[in-house]
Amino acid sequence: MLKRNNLWLLAIPLGFIVLRKLMSSNTTNKKLSKNFDWNEFESHDGAVMPPEVKTNIQELVKNLEVIRSAIGKPMKINSGWRSPNQNAKVGGKSKSFHMVGMASDFYVPGMTTKQVRDVIETLISQGKIKQGGIGKYDTWVHYDNRGTKARW
Numbered sequence: 007m008l009k010r011n012n013l014w015l016l017a018i019p020l021g022f023i024v025l026r027k028l029m030s031s032n033t034t035n036k037k038l039s040k041n042f043d044w045n046e047f048e049s050h051d052g053a054v055m056p057p058e059v060k061t062n063i064q065e066l067v068k069n070l071e072v073i074r075s076a077i078g079k080p081m082k083i084n085s086g087w088r089s090p091n092q093n094a095k096v097g098g099k100s101k102s103f104h105m106v107g108m109a110s111d112f113y114v115p116g117m118t119t120k121q122v123r124d125v126i127e128t129l130i131s132q133g134k135i136k137q138g139g140i141g142k143y144d145t146w147v148h149y150d151n152r153g154t155k156a157r158w
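Counting in our numbering, the sequence shown runs from 7 upward without gaps.
Structure below.
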């Protein structure tokens, strides 16, 4: 095994398999809340989540739990935290709230994105979740807890 850029590489005849560095502070596959796991919010490129992002994710998930409770159905997270490289790869905005752990893209099987957006709007208007950005796309909804209203 070789260690490069904080990743363990396992040599095999045709190349390398990248193994995520295991540390006592690693959050992968651990419960974040009643309905969410840390791994749902990890960057898809395998980057290690900085401590300040973890704090923001915990606050975001408090709001997502309220949404989940109001909907009464599981939410499937497409994207949580994104490293700068992952954000660029998916064409995210340069100041994306995903890069600081304050945004999530998700869908709810059996619900339209309009239905999900409407639930979020209602929860914000009732003061049950933090004001933020809501983006409605064809197959997912974006919610961020930026503290100011933004809609698209």
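Ideal Cβ placement from N, Cα and C applies to all residues, glycine included. This one's a predicted model, so the numbers in the text were calculated from it and none came from an experiment.
Grab the span of the beta strand (DSSP E) containing residue 84 for me, first residue to last.
Position 78 of the sequence shown, counted from the first residue, corresponds to residue 84. Counting along the chain, the beta strand (DSSP E) containing residue 84 begins and ends at 82-85.
How big is the Cα-Cα spacing for residue 42 and residue 107?
Within the sequence shown, the letter at position 36 stands for residue 42. Within the sequence shown, the letter at position 101 stands for residue 107. Near 14 Å, if we compare the C-alpha coordinates of residue 107 and residue 42.
Residue ranges of each beta strand (DSSP E) run of no fewer than 3 residues wholly in the stretch 53-141, ordered along the chain?
82-85, 109-113
DSSP bridge partner residues for residue 149 (one or two, in chain order)
To locate residue 149, count along the sequence shown from 1; it is residue 143. Its beta-bridge partners are 110, 140.
Residue 58 versus residue 66: straight-line alpha-carbon distance, rounded
Indexing the sequence shown from 1 puts residue 58 at position 52. Indexing the sequence shown from 1 puts residue 66 at position 60. Distance between the alpha carbons of residue 58 and residue 66 is about 13 Å.
Assuming residue 71 contacts residue 37 under a Cβ cut-off of 8 Å, what Cβ separation, rounded to an integer in Å, is found between them?
Translated into the one-based positions of the sequence shown, residue 71 becomes position 65. Translated into the one-based positions of the sequence shown, residue 37 becomes position 31. Between residue 37 and residue 71 the Cβ distance is about 12 Å, and since that is not below 8 Å, they are no contact.
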